[in-house]
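S.K.: Note that our numbering has the sequence shown beginning at 26, numbered continuously upward. Note that CB positions come from ideal geometry on N, CA and C, so glycine has one too. Since the structure is predicted, the reported quantities are computational estimates derived from the model, not experimental observations.
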Amino acid sequence: MAQIIDGKAIAAEIRQHIANQVQFLKTNHNLTPGLSVVLIGENPASQVYVRNKVIQTTNAGMNSFHHQKDATISETETLDLIDQLNADAQVNGILVQLPLPAHINADKIINAIEPDKDVDGFHVVNTGRLTIGLQGMAPCTPLGCVELMKSVKADLTGCNAVIVGRSNIVGKPLAALLLREHCTVTIAHSRTKKLNEVCMGADILVAAVGQPNLVKGSWVKPGATVIDVGINRIETESGKMKLVGDVNFAEAQHVAGAITPVPGGVGPMTIALLLQNTVRAACMQHGIPLPD
Ligand code: NAD
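1) Check for me: the alpha helix (DSSP H) holding Asn84 runs from which residue to which?
2) Inspect the CB distances between the region 53-64 and the region 77-88 and report whether three or more fall short of 8 Å.
3) Leu202 and Val234: beta carbons closer than 8 Å?
4) Quick one: what's got a C-beta closer than 6 Å to Gln122's C-beta in the same chain, skipping five residues either side?
5) Any contact of the region 179-194 with the region 46-58, i.e. 3+ C-beta pairs under 8 Å?
6) Just to confirm, does Gln236 get its C-beta within under 7 Å of one of the non-hydrogen atoms of the ligand NAD?
7) At a cut-off of 7 Å, would you count Arg76 as near the ligand NAD, judging by its Cβ distance to the nearest heavy atom?
8) Express the C-alpha separation of Pro167 and Ile35 in angstroms, rounding to a whole number.
9) Considering Gly118, what are the terminal residues of the beta strand (DSSP E) in which it resides?
10) For a cutoff of 8 Å on Cβ pairs, would you count Lys246 as touching chain D?
11) Would you say the beta carbon of Gly146 is closer than 7 Å to some non-hydrogen atom of the ligand NAD?
12) Starting from Thr57 and walking both ways along the alpha helix (DSSP H), at which residues does that stretch end?
13) With a CB to CB cut of under 6 Å and the five nearest residues on each side skipped, what residues in its chain are close to Val280?
14) For Ala283 versus Gln28, is the C-beta distance shorter than 8 Å?
15) Hey, quick one: how far does the alpha helix (DSSP H) through Gln109 stretch, first residue to last?
16) Using the three-state DSSP reduction, which class does Ile129 fall into: helix, strand or coil?
17) Assuming the contact rule is C-beta atoms closer than 8 Å, Gly16 and Ala232 should be a hit. Round their C-beta distance to whole Å, please.
18) Please list, in chain order, all residues of the same chain as Glu276 whose beta carbon is under 7 Å from its beta carbon, the five residues on each side excluded.
19) For a minimum of 4 consecutive residues, which ranges assigned as the alpha helix (DSSP H) are wholly contained in the region 186-269?
20) Under three-state DSSP, which class holds Phe90?
21) Alpha carbon to alpha carbon, how far is Ala200 from Thr211? Give it in angstroms, no decimals.
22) With DSSP as the reference, identify every bridge partner of Val272, one or two as the case may be.
23) Which residues in the same chain as Cys224 place their Cβ atom closer than 6 Å to its Cβ, once the five residues preceding and following it in sequence are excluded?
24) For a quick check, are the C-beta atoms of Gly169 and Thr261 less than 8 Å apart?
25) The ligand NAD and His91: does the residue's C-beta get closer than 7 Å to at least one heavy atom of that ligand?
26) Please confirm whether Lys133 and Glu102 have their CB atoms less than 8 Å apart.
27) Measure the C-alpha to C-alpha separation of Val150 and Met309 and round it to an integer number of angstroms.
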C-alpha cells in the first residue's frame, strides 16, 4: 500500500516556518512583509480562495491588503491600481485573483505587475527567469508539488518525471522546476499518443488535467511517486457532491510507492508557497538574506 503524502500537515509545517521567519524580520529588520490581493467581481470560488489567502497571510504575521473591486471596473482603472501597488513600499507581493471579467485582458494586468512583486510567478519575466535558471518568482502550485515530492525522496536527480498537462500555471513551470532538480522530464497532454505507456515509465507521475480519474492504477509504475493536482467536483451515486483528483486513487494506491490524496494533497500547499514567495519577495526587495 502506498504512503499517503499528507499535504495538509506539510503545508502547516511550512506556514509555521514562515511565521518564524516573519517574526525574525520584524524583530531584527523592522520589516513586516505585505501581500496585496486584488479581487474583481463576485465569483464565489474566487471569493473563497481570496478569503483563505487573507486569513493565512494575517495568521503568518504579515500585512494583508485586500482590494475588492466591482466587476464593472475598467481595464485602465485596474492598471492604475496595479501601478499604485507597484509604487507602495508596504506591498511586497501582488496577486490578482483569476479569472478576470471578459473585458479585462488578464495577460496585460499580470504583466503590469512589477516582476519582483509577482508572487504568483505568472509574469513573462519570471517565466523567462525560471526557464533559464535565474532567481525569480516561480508559480505556487508547482513549487508545492516539488515540496511534496521531496518529502518522499530528498534528491530527485535522475528520476523520470512525467507531467500530464501543459498549462502555463502548472504543467510547464513544473517541468522547468523539475529540470532544475535534474529530473528527466516528459510533458504529456491531450494529443499525446499511448498516454498509458508514457505514464508507465514515470518514477514521478504528476496529473494536472482536470479530468476525474483519468490516470488508472495500471498506468502507474510500481513504487512511483504520484502527485495529483486535479480538483474535480463530481456527483456520487447518492447524489452528494465530492472532490476527486485526476488519478483513480482507489486503484493507484495499491501500485504507487507514495501518493497525494484529493483533497488534502496539493491543494493546501498552494497558499503556503504563496506566503513563502511573499517573504522571499520582501527580503529580495530590501536586500536582506532569507532567514533560516
Ligand atoms: P488547464 O485546463 O489549463 O490544462 C489542462 C491540461 O490537460 C492541458 O494542457 C491539456 O492538454 C491536458 N489534457 C486535457 N485532456 C487530456 C487528456 N485526456 N489526456 C492528457 N492530457 C489532457 O488546467 P490547469 O489550470 O493546469 O489545471 C489542471 C487541474 O489542476 C484542474 O483540475 C485544476 O482545478 C487543478 N489545479 C489545482 C490547483 C491546486 O491544487 N492548488 C492549482 C491549479 C490547478
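M.R.: Let me lay it out:
1) 69-84
2) yes
3) no
4) Leu64, Ser71, Val75
5) no
6) Within 7 Å of the C-beta of Gln236 there is at least one heavy atom belonging to the ligand NAD.
7) Answer for Arg76: no, Cβ out of range of the ligand NAD.
8) 15 Å
9) 118-121
10) Structure shown: chain D not included; a single protein chain is present.
11) no
12) Looking at the DSSP string, Thr57 is not in any alpha helix (DSSP H), and its letter there is neither H nor E.
13) Gly242, Val245, Pro247
14) yes
15) 100-112
16) Secondary structure at Ile129: coil, using DSSP grouped into helix, strand and coil.
17) Absent from the model: residue 16. The displayed extent of the chain is 26 to 317, so no value can be given.
18) Once the five neighbours on either side are set aside, the close Cβ partners of Glu276 are Lys241, Gly242.
19) 196-205, 220-225
20) strand
21) A direct Cα-to-Cα measurement between Thr211 and Ala200 gives close to 8 Å.
22) Val240
23) Val187, Leu230, Trp244
24) no
25) It does not: the Cβ of His91 is nowhere closer than 7 Å to a heavy atom of the ligand NAD.
26) no
27) 16 Å
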